[in-house]
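Visitor: If you want this note's numbering, it's the position in the sequence shown, counting the first as 1, plus 68.
If you scroll down you'll find the structure; I have some questions about it.
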Amino acid sequence: MQAPELSISQWFNTDQDITLASLRGKIVVIEAFQMLCPGCVLHGIPLAQTIQRTFPGDEVAVIGIHTVFEHHAAMTPVSLKAFLHEYRINFPVGVDKPGSGPLPETMAAFGMRGTPSLIVLDQAGRIAAHHFGQVSEMQIGAQIATLIAKPSLPEA
Numbered sequence: 069m070q071a072p073e074l075s076i077s078q079w080f081n082t083d084q085d086i087t088l089a090s091l092r093g094k095i096v097v098i099e100a101f102q103m104l105c106p107g108c109v110l111h112g113i114p115l116a117q118t119i120q121r122t123f124p125g126d127e128v129a130v131i132g133i134h135t136v137f138e139h140h141a142a143m144t145p146v147s148l149k150a151f152l153h154e155y156r157i158n159f160p161v162g163v164d165k166p167g168s169g170p171l172p173e174t175m176a177a178f179g180m181r182g183t184p185s186l187i188v189l190d191q192a193g194r195i196a197a198h199h200f201g202q203v204s205e206m207q208i209g210a211q212i213a214t215l216i217a218k219p220s221l222p223e224a
């Protein structure tokens, strides 16, 4: 299934807007998180940082999506900027646009159940894996390595 495009109101750690279309040809790892989510801080974000350090940037792009569906007043872009600095998160992070319902737009478009969520897109921009909660490093490493070893063909 082709991934929907991201719906981002503001980017951090990049000086240009990022689109999934602009990342075609690379495997894309999306880590959806909230900074007040214990599972995100303990598992999701460190896993994304490990993926970024482990795989070559010309083959694997790691991006974060701060997708706020609770505690809105506490999780502002100002707070997020400080959070990214304190946790030394240097991959690009986008702020998910608020949706018309309770879920932000990107979170709803991808059918995420909560945070942390980790989504892997193949080189053609299709969803290759969609995880909710804690993911083992071995499992995600194997999924990414398989995609690197066997690049996908673009959709016809």
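No residue lacks a Cβ here, since even glycine has one placed at the ideal position from N, Cα and C.
All of these numbers come straight from a predicted model, not from anything done at the bench.
Between the Cα of R181 and those of F137, V188, Y155, Q191, spot the shortest distance and give me the residue it belongs to.
Guide: Nearest option by C-alpha distance: F137.
Visitor: By a C-beta neighbour count over all protein chains shown, 10 Å radius and 16 as the cutoff for buried, is P145 buried or exposed?
Guide: It counts as exposed.
Visitor: According to DSSP, which residues form a beta bridge with A197?
Guide: A197 pairs with V188.
Visitor: Return the residue from the list H134, D126, M103 that minimises the CA-CA distance to I76.
Guide: Comparing Cα-Cα distances from I76 to each of H134, D126, M103, the minimum goes to H134.
Visitor: Between the alpha carbons of A71 and I187, how many angstroms are there, rounded?
Guide: Approximately 10 Å, taken between the alpha carbons.
Visitor: Cβ atoms of P160 and I131: under 8 Å apart, would you say?
Guide: Yes, the pair counts as a contact, with Cβ atoms nearer than the cut-off.
Visitor: Express the C-alpha separation of S168 and I98 in angstroms, rounding to a whole number.
Guide: Distance between the alpha carbons of I98 and S168 is about 22 Å.
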